[in-house]
Structures are given as structure tokens and as C-alpha cells.
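Report on the following structure.
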Amino acid sequence: MVTRIKSVTVGKLGRIARQRSTRSGSGDSATVSSAGRSDDVAAFSSDARLIGKADEAVSQAPEIRMELVGPIREALMAGRYHVSSLDVADKILRQVLMERKKSI
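Under my numbering, the residue at position 56 of the sequence shown is numbered 58, and the numbers go up by one with no gaps.
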């Protein structure tokens with residue numbers, strides 16, 4: 003089904019935009035010039051701002067967390083760091099089984 007839309011003049015669109023901007027009371031959505039054209043304005047939601055801040059924090063964070071690596075490094079150097087081979091084998095098998103379960 004085809005619906006025809008009547009042609010609307012730019013002046014009429016300007017009046018509609020002006021009416022909407024005066025009703026809303028905020029000029030954040032668009033500003034209308036005297037010629038009837040609207041200037042584009044971008045507004046970001048609080049969620050977008052939060053995501054931007056989180057992205058910035060992640061990019062500024064160090065890639066290596068020295069507060070966690072330091073004690074392990076010291077234990078390795080002193081010969082006090084021991085890992086059970088059974089624990090390592092258990093983790094490897096669990097990981098393989100989880101990956102297999104996801105692929106099924």
C-alpha cells in the first residue's frame with residue numbers, strides 16, 4: 003500500500019518546529035532560525051555520559067595491576083609460591099568441558 007504525503011513547505015516546517023520548541027520549554031532539541039530552518043543539536047543521555055566516563059576510566063587504568071602481581075612476584079623470587087598440579091589439571095579440564103558444553 004502506498005500513501006502519498008502532501009508536500010510541505012519549509013516555512014510550515016519551521017513554524018511546526020518553533021511551536022514544538024516553545025511548548026517543550028527547552029531549547030535542547032533544536033534551535034530554529036528566523037528563516038524557518040532548524041540547527042541540529044546533539045544531546046546525550048545520562049547513560050551515554052556514564053558509558054563515556056567508564057570508557058575513559060578503563061583507558062586510563064594500568065594494564066597490569068601491580069598490587070596483585072607484586073606479592074606473587076615476591077613469593078616466586080623467594081621460592082614460596084607453589085601451585086598444586088592437581089589444581090591446574092582440574093581447572094584445565096573444567097575449562098575444556100565448559101567450552102565443549104557451549105559448542106553443543
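From the three backbone atoms N, C-alpha and C, an ideal C-beta is built for every residue, glycine too.
Your pair I94 and Y83 does not check out as a contact, with CB atoms roughly 19 Å apart and the cut at 8 Å. Residue range 87-105 is occupied by the alpha helix (DSSP H) that includes A91. Cα atoms of S87 and Q97: separation of roughly 15 Å, rounded to the nearest angstrom. E76 and S105 have their alpha carbons spaced roughly 40 Å apart. The continuous alpha helix (DSSP H) containing V71 extends over residues 68-80.
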